[in-house]
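Visitor: Chains E and C, in that order, are what the protein sequence lines are.
If you read the first sequence in my numbering, its first letter stands for residue 210, the second for the next number, and so on.
If you read the second sequence in my numbering, its first letter stands for residue 423, the second for the next number, and so on.
Ideal placement from N, C-alpha and C gives every residue a C-beta, glycine not left out.
Take this structure first; my questions come after.
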Amino acid sequence: NAGVTQTPKFRVLKTGQSMTLLCAQDMNHEYMYWYRQDPGMGLRLIHYSVGEGTTAKGEVPDGYNVSRLKKQNFLLGLESAAPSQTSVYFCASRRSAGGPEHNEQFFGPGTRLTVL
Amino acid sequence: AQRVTQPEKLLSVFKGAPVELKCNYSYSGSPELFWYVQYSRQRLQLLLRHISRESIKGFTADLNKGETSFHLKKPFAQEEDSAMYYCALWGTGRRALTFGSGTRLQVQP
């Protein structure tokens, strides 16, 4: 199993450009997440999904959109990139709601995005 | 609202010294606490969770509900422990982990 994968690994954008980050998981997990990691701020939740076709806002959703058309994929879109969106983006997945054994989140390797 | 606080951005110790990474939380219900670790240029991975009461790589963490703390401890630090450590909380009814800001542990030879 590949676990959670993310593409691309690195990207440089100019202000105003758009792009989509792809997250894929092969563990048949219901829940998927997008976080951004910034120095001194830890990981902050952008959007998440509790199942195919459903999405919800996290702590810092502004400037981002997401889609979960297939269970195994969770896309993060930036319509008009801004320098404040320079960050490392992590995708994660979790098996499902349920007991404590379901609460571990598995992370992807990250995408380093720079917006000039 | 739930919150996780890691007061130290950087903790530097010498090899063989004891380590304690602090984590405090605020949550009105019964939380589940986790420690995640991120080694250089690697993805975050689960280190341990309080419900398991386990010791992983020599690390332990005890949930203290009275002090609302979940400090991570290791009696003798190793150079390979150098990494970023995140405390995270799972609150009942929530659908995602809430992370602290992280502590970078530097173990010097």
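(1) Following the continuous beta strand (DSSP E) through residue 510 of chain C, name the residue where it begins and the one where it ends.
(2) Run through chain C and tell me which residues come within less than 7 Å of residue 259 of chain E, C-beta to C-beta.
(3) Can you give the Cα-Cα distance for residue 253 of chain E and residue 504 of chain C, rounded to whole angstroms?
(4) Smallest Cα separation from residue 289 of chain E: which of E/267, E/240, E/273?
(5) With three or more beta-carbon pairs closer than 8 Å as the criterion, would you say the region 496-512 of chain C touches the region 237-245 of chain E?
(6) Return yes when the Cβ of residue 507 of chain C is within less than 7 Å of the Cβ of residue 443 of chain C, no when it is not.
(7) Which value, in whole angstroms, describes the spacing of the CA atoms of residue 488 of chain C and residue 427 of chain C?
(8) Quick one: which chain E residues come within Cβ less than 7 Å of residue 457 of chain C?
(9) Using a 10 Å radius around the Cβ and a threshold of 16 neighbouring Cβ atoms, would you call residue 440 of chain C buried or exposed?
(10) Taking all protein chains shown into account, do 16 or more other C-beta atoms lie within 10 angstroms of the C-beta of residue 284 of chain E, making it buried, or fewer, making it exposed?
(11) What residues from chain E crowd round residue 465 of chain C, counting only those whose CB sits closer than 7 Å?
(12) Alpha carbons only, please: which of E/211, E/249, E/303 is nearest the one belonging to residue 430 of chain C?
(13) Using beta carbons (cut-off 7 Å, strictly below), is residue 522 of chain C in contact with chain E?
(14) Just to check my reading of the structure: residue 511 of chain C and residue 455 of chain C have Cβ atoms closer than 8 Å, yes? What is that Cβ distance to the nearest angstrom?
(15) In terms of alpha-carbon separation, which member of E/275, E/271, E/268 lies closest to residue 260 of chain E?
(16) Given a threshold of 16 other Cβ atoms within 10 Å of its Cβ, counted over all protein chains shown, does residue 453 of chain C qualify as buried or as exposed?
(17) For the candidate residues C/465, C/423, C/458, C/425, whose alpha-carbon lies nearest to that of residue 213 of chain E?
Guide: In this structure, then:
(1) For the purposes of this step, residue 510 of chain C is taken as residue 88 along the second sequence, with counting starting at 1. Looking at the DSSP string, the run of the beta strand (DSSP E) that includes residue 510 of chain C is 505-512.
(2) Against the first sequence, residue 259 of chain E aligns to sequence position 50. Those within 7 Å of residue 259 of chain E in chain C are 517.
(3) Here residue 253 of chain E corresponds to residue number 44 of the first sequence, with the count starting at 1. Here residue 504 of chain C corresponds to residue number 82 of the second sequence, with the count starting at 1. Cα to Cα, residue 253 of chain E sits roughly 23 Å from residue 504 of chain C.
(4) Translated into positions along the first sequence, residue 289 of chain E becomes position 80. Measuring from the Cα of residue 289 of chain E, the nearest candidate turns out to be E/273.
(5) No, the region 496-512 of chain C is not in contact with the region 237-245 of chain E.
(6) Translated into positions along the second sequence, residue 443 of chain C becomes position 21. Translated into positions along the second sequence, residue 507 of chain C becomes position 85. Contact flag set, yes.
(7) Position 66 of the second sequence, counting from 1, holds the residue named residue 488 of chain C. Position 5 of the second sequence, counting from 1, holds the residue named residue 427 of chain C. Those two C-alpha atoms are separated by around 16 Å.
(8) Along the second sequence, read from residue 1 onward, the residue named residue 457 of chain C stands at position 35. Think of a sphere of 7 Å around the beta carbon of residue 457 of chain C: no beta carbon from chain E falls inside it, the nearest being about 12 Å out.
(9) Taking the second sequence and counting its residues from 1, one reaches residue 440 of chain C at position 18. Residue 440 of chain C comes out exposed.
(10) Indexing the first sequence from 1 puts residue 284 of chain E at position 75. Classification for residue 284 of chain E: buried.
(11) Stepping through the second sequence from its first residue, residue 465 of chain C is reached at position 43. Within 7 Å Cβ-Cβ: 316, 317, 318, 319.
(12) Reading the second sequence from its first residue, position 8 is the one you call residue 430 of chain C. The residue with the shortest Cα to Cα distance from residue 430 of chain C is E/249.
(13) Here residue 522 of chain C is taken as the residue at index 100 of the second sequence, counted from 1. By the rule that beta-carbons nearer than 7 Å mark a contact, residue 522 of chain C touches chain E.
(14) The sequence position of residue 511 of chain C within the second sequence is 89, counting from 1. The sequence position of residue 455 of chain C within the second sequence is 33, counting from 1. Their Cβ separation, rounded to whole angstroms, is 6 Å, which keeps residue 511 of chain C and residue 455 of chain C in contact under 8 Å.
(15) For the purposes of this step, residue 260 of chain E is taken as residue 51 along the first sequence, with counting starting at 1. Cα-wise, what sits closest to residue 260 of chain E is E/275.
(16) Your numbering for residue 453 of chain C matches position 31 in the second sequence. With 16 or more other CB atoms across the displayed protein chains lying within 10 angstroms of its CB, residue 453 of chain C is buried.
(17) Mapped onto the first sequence, residue 213 of chain E falls at position 4. Comparing Cα positions, the closest option is C/465.
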